[in-house]
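Residue numbers 1 to 258, in full-length UniProt numbering, belong to the letters of the sequence shown in order. Take a look at the structure set out below.
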Amino acid sequence: MKIFISHITEEKALAMTLKDWIESTFTGNCEVFVSSDSKSIQLGDRWLDKITESLVGAQLLFILCSPSSVARPWINFEAGCGWVKGIPVIPICHSTLLVQNLPVPLSALQAIGLEDAKFCERLVERIAGMLALPRTPRVHPDMIDDLLRALGEIETKTERHSAPQPSIGLLDENDIKNSLTSWFNELKHEERLKAVTFAAVDAQLNIPTGSTKTYLKDIVTSRWSYKVVNEGANTILFQDGEPFILSAPRRSKWDSFI
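Structure representation (structure tokens):
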């Protein structure tokens with residue numbers, strides 16, 4: 001089966017990781033086209049003709065969707081080609097773009113977020129179903145780590161072009177910890193189960209670069225019952241749990257009779 005991954009140049013690392021992951025999981029059954037891959041488009045090839053040929057032959061189309069990519073014309077053009085062909089077109093949201101925030105017309109498609117705890121399993125099941133395989137391949141535990149690592153590369157490059165962060169001297173450790181605690185406490189339960197990008201939270205809370213990476217894990221695991229499922233250089237993912245009650249036990253007049 002031929003699969004086309006639509007992406008912008010800045011997100012090449014994620015596209016290539018997804019390509020390698022799919023082809024290694026479905027050895028011999030899937031051929032994945034990524035325009036930034038030298039094996040997909042070789043020296044001397046007419047790149048536009050090659051992209052057109054791959055779009056025409058594709059049976060499944062993945063669209064890498066981020067706040068940056070959904071504004072690019074090529075992403076929407078390639079998604080439209082898949083729509084007209086009548087093949088499955090699956091947007092993959094990442095880098096703070098949530099599925100429910102996809103713009104039209106991408107919002108009309110059944111999308112999935114990279115932070116989804118079952119992301120790998122759902123993609124494997126979808127591809128295996130299209131291939132009519134008698135048995136769904138096993139999802140290797142390193143798959144999500146590789147994808148989050150690639151996502152971290154994208155965010156690190158983006159961070160270099162962002163506004164400078166405030167000096168560490170402007171906030172003390174308690175201020176930073178209180179900001180992170182309040183931020184996590186205000187998240188809805190389902191939001192707590194999504195991958196946290198350290199740099200994105202630093203920027204959102206206007207705290208020094210590296211603060212989220214330094215403090216968030218200890219804050220969450222000490223104040224709530226969430227456990228760390230995956231942790232990379234740039235992201236962390238927590239497992240389901242319920243908050244601990246941190247207040248002292250109540251005493252009543254009946255305690256003396258127990």
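All residues carry an ideal CB built from backbone N, CA and C; glycine is no exception. In this text, all values refer to a predicted model and were calculated from it rather than measured experimentally.
If you follow the beta strand (DSSP E) that Asn-230 is part of, which residue opens it and which one closes it?
Segment 227-231, the beta strand (DSSP E) holding Asn-230.
Spell out the partners DSSP gives Leu-237 in its beta bridges.
Answer by DSSP bridge pairing, in chain order: Asn-230.
Please report the straight-line C-alpha distance between residue 265 and Ser-95, rounded to a whole angstrom.
Coverage of the chain is limited to positions 1 through 258, which leaves residue 265 absent and any answer about it impossible.
By Cβ distance, which residues of its chain are closer than 8 angstroms to Lys-177, with the 5 residues on each side in sequence left out?
Same-chain partners within the cutoff: Tyr-215, Ile-219.
Would DSSP call Gly-113 helix, strand or coil?
It is a strand residue.
Please state if the CB of Phe-198 and the CB of Lys-213 are separated by a distance shorter than 7 angstroms.
It is a contact, given that the beta carbons lie within the stated cut-off.
If we ignore side chains and look at the alpha-carbon of each, how far apart do Pro-73 and Lys-118 end up?
Rounded to whole angstroms, Pro-73 to Lys-118 spans 30 angstroms at the Cα level.
With three or more beta-carbon pairs closer than 8 angstroms as the criterion, would you say the region 23-36 touches the region 2-15?
Enough Cβ pairs lie closer than 8 angstroms, so yes.
Decide if Asn-101 is buried, meaning its Cβ has at least 16 other Cβ atoms within 10 Å, or exposed.
It counts as exposed.
Under the three-state reduction of DSSP, which class applies to Ser-6: helix, strand or coil?
Ser-6: strand per DSSP, three-state reduction.
Can you give the beta carbon distance from residue 268 to Leu-64, rounded, assuming they're within the 8 angstroms contact cut?
Outside the shown range of the chain, which is 1 to 258, sits residue 268, and nothing can be said about it.
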